[in-house]
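Numbering (full-length UniProt numbering), first residue to last: 1 to 232.
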């Protein structure tokens, strides 16, 4: 199942405007994770991702790791460079940050605010993504009006604390076969298993540490994109 990219209208001083129904871009979903980034800050890594041709960037930090002021400053800078590059910018968890920096979207987990409540806060224009780990959670996210869902962790991963067990290909296959909602496959995906993930129907994929932990981020993204193009 191939998801087509949503239509985008952009002015230089505005957030990206998406026409519903919105779909994730086919390609590579980048997540910033500073503690895995070889000492590089999030703004630097975001710029390197853009140089490599990343298709979307999500800011994912935790309150106990950075102050709100630090996260706000980083998100402002990343909002600026993603806007200039014309790619969507998503903020994880912090709806206040997403609203303050005029991010294109907010991504939440199962223990965060429900999608229906978020929609009341952010309105119709902002993208809402929701992490899911089971068919029941996927169905609920669709019912509640999420614009896209995260499907995973496909494989075991160490990038998130208290993460659930790997769901494997069975759940990925379920979503690809049963739902039309846009989704990103995530969790333990590397260059050496990417082709297998794509073969299950994923068209938007996230390789967190494979990218942010790379010595040469732009070249690594280009290598991933080559695997992607040769596999779909």
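Cβ coordinates follow ideal geometry from the N, Cα and C atoms, glycine included.
Secondary structure note for residue 56: its beta strand (DSSP E) is the uninterrupted segment 56-59.
For residue 180, no alpha helix (DSSP H) encloses it, and the DSSP letter there is neither H nor E. Within the same chain, and ignoring the five residues on either side of residue 81 in sequence, the residues whose Cβ sits closer than 7 angstroms to its Cβ are 46, 47 and 50. A Cβ-Cβ separation of about 6 angstroms places residue 211 in contact with residue 220 under the 8 angstroms criterion. Remark: C-beta atoms of residue 113 and residue 78 do not approach each other more closely than 9 angstroms. Nearest neighbour of residue 173 by Cα position, chosen from 165, 196, 229 and 143, turns out to be 196. Just so you know, the alpha carbons of residue 223 and residue 154 end up roughly 21 angstroms apart. Contact check between the stretch 80-96 and the stretch 135-146: fewer than three CB pairs, one atom from each, fall below 8 angstroms, which does not count as touching.
Judged by DSSP secondary structure, residue 24 falls outside any beta strand (DSSP E); it is assigned neither H nor E. Residue 128 is positioned such that its CB atom lies closer than 9 angstroms to that of residue 145. The Cβ atoms of residue 115 and residue 148 do not sit closer than 9 angstroms to each other. Ranking 158, 74, 42 and 55 by CA distance to the CA of residue 28 puts 55 first. Taking a 10 Å sphere around the C-beta of residue 38, we find fewer than 16 other C-beta atoms and assign the residue as exposed.
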